[in-house]
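Quick note, in our numbering, the sequence shown goes up one by one and the last residue is 377. Beta carbons are placed, not taken as given, at the ideal position from N, Cα and C, and that holds for glycine.
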Amino acid sequence: MSTDRGPRSSILIVDDEEGLQASLVTAFTMEGYRAAGAGSGEAALKLLNQDAFDILLTDLVMPGMDGIALMEQAIRRSPDLVVILMTGGATVESAVRALKGGAYDYILKPFTLGEIFHVADRSLEQLRLRRENLHLEEINRRLQEVDQLKSNLLSAMTHEFRTPLTIMHGWLDLLLGNQFGRLTGQQHESLRAVRRSTVRLDRLISNLLAFVEYERGRVPLECLAVSLSDLLQEAADELGPDCAERRVTLEVEVQSVLPMLRADGERLRLLFFNLMENAVKFNEPGGQVRVRAQGDAEGVEVSISNTGGVFPAEQIPRLLQPFTQGDMSIRRAAGGLGLGLAVVRAILEAHGGRLTVQSDPERGTTVRVHLPTPGGNEKRTMEN
C-alpha cells in the first residue's frame, strides 16, 4: 500500500535487543519517518511524555514492563496512538489478546523490512481514517448545534410575529369597516393594500411555523370529520385577490357526494392553499387554474392544474425540498420562501397520503393529492 506519510509521520521503536532496535530506527529513518528508539517500556514512556508519536512499535516480551503493559499506559496517555506488537511464534496467543486490548496489528519475528514497512504504512492509513472520522464527527456535532439554533430561532420568530400581525389585522378590519368614520376611496384602497400585504406575511409565517414543527419530529394532529369541499372553497375564496392581481381564473369542481375525511382540518387547509397558491403564482396572465375533487370508499383525489408554470421533470424532486423554487434568484418573478411543497409533503405523509406532479409545455402542471378515507387513516401524529 502506498501511503503519503509526510515529514511528520513518527514512530517509536521499543525492543530490549539493542541491535534490532537500532537497525529498525535507521531503516525507518531512511524510509522517511521521524524515528526514535527505546530499550525498555519505562524508557519508552519517558519519550512518550516528551514527544508525540503516530506509531508505537514494541516488542511483546521484555524484562520489566512488557509490551502489553506499555501499550495500555501509552494509549491512556495518547488515545490516538497506533500500536504494533512484535512477537515470537510462541507468544502469538498473547499478541491476539493484545489486539483485543487495543493494538492495531502484530508481526512475527523474524520479519523482513518490506513486511514491517507494509504493516506500518497500513497503520498510518488507519490513523488517517480515524482522525478524519473524528473530524467529521465534530463537524456533524457542530452542524447539529447550528441546526437546533436555527430551529429555535425560526420557532421564536414565527410565534413572536403572530401577535403583532393579529393586532394589525384587527385594526385594519375596524378601519376598513368604517368603525372610526367613513373612508375616502383612496384611503380605503390604501388600507386594502396594507391588508393584502399582512395576509401574505401571515401565509409566510404559517408555512414557516409548520415547517419548524415538522422538522422537529412529532406534532399532534387534531383528527376530526372534515368536509373537503368546504376546505377547497375556503382556500379558493382566500386566493381571490391574488387571482385578480395576476389575472388568473380559478375554478373549483367537487363531486356531488364526496366522502368525509377524518383529518386535521387546519393543516389540510394549509396544504390545499399552498398548492392552489402555487398554481396561481406560477401561471401566466390570462391563465387558468382548475381544482377537481372526486372520491370513493378507498379515498379522495384532488387534482390542481394550471396552464403555465411548467417545470422540467428532473426539477420536481428538488421542488419538494424546503426553501426551494424553480427560480430562487433575488430577481425571480414569484416571491415566497420555497416552503409550500415541502410543507405539503410533510402534511400528506402525516395523513398517510401521497403526491404526484406532472408537468409538460402543452398541458401545464398538474398536482394530484390522494388522501385515504376513514378506516385507512389511523395516524395521529406528524412525523418528519
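- Residue 75 sits buried, since 16 or more C-beta atoms from the chains shown fall within 10 Å of its C-beta.
- Around the CB of residue 72, fewer than 16 other CB atoms lie within 10 Å, so the residue is classed as exposed.
- Taking the C-beta atoms as reference points, residue 54 is found no nearer than 7 Å to residue 31.
- In the DSSP assignment, residue 299 falls within the beta strand (DSSP E) that extends over 292 to 299.
- When Cβ pairs closer than 8 Å are counted between the two stretches, the segment 339 to 359 is seen not to touch the segment 237 to 253, the count staying below three.
- Straight-line spacing of the CA atoms in residue 36 and residue 206 works out to 60 Å.
- Within the DSSP secondary-structure output, residue 79 pairs in a beta bridge with 52 and 100.
- Between the alpha carbons of residue 47 and residue 134 lies a distance of about 26 Å.
- Put simply, of 167, 221 and 97 the residue whose alpha carbon is nearest the alpha carbon of residue 363 is 221.
- With a threshold of 16 other beta carbon atoms within 10 Å, residue 264 meets it and is buried.
- Each of 288, 192, 197 and 268 was checked against the Cα of residue 349, and the nearest Cα belongs to 268.
- Its chain contains 165, 168, 169 and 176 as the residues whose beta carbon lies nearer than 8 Å to that of residue 184, once the 5 sequence neighbours on both sides are disregarded; these appear in chain order.
- Beta-bridge pairing by DSSP links residue 281 to 242.
- The C-alpha of residue 137 lies about 43 Å from the C-alpha of residue 108.
- Per DSSP, the unbroken beta strand (DSSP E) holding residue 5 starts and ends at 3 to 7.
- Here DSSP, grouped into helix, strand and coil, assigns residue 356 to coil.
- Annotation: residue 176 is outside any alpha helix (DSSP H) and is labelled neither H nor E by DSSP.
- A residue is called buried when at least 16 other Cβ atoms come within 10 angstroms of its Cβ; residue 156 does not meet this threshold and is exposed.
- Here residue 64 is buried: its Cβ has 16 or more other Cβ atoms, across all protein chains shown, within 10 Å.
- The bridge partners DSSP lists for residue 218 are 255.
- About 11 Å separates the Cβ atoms of residue 17 and residue 51, ruling out a contact at the 8 Å cut-off.
- A Cβ-Cβ contact shorter than 7 Å links residue 116 with residue 97.
- Bounds of the beta strand (DSSP E) holding residue 31 are 27 to 31.
- Comparing C-alpha distances from residue 44 to each of 163, 2, 124 and 280 shows the shortest one belongs to 2.
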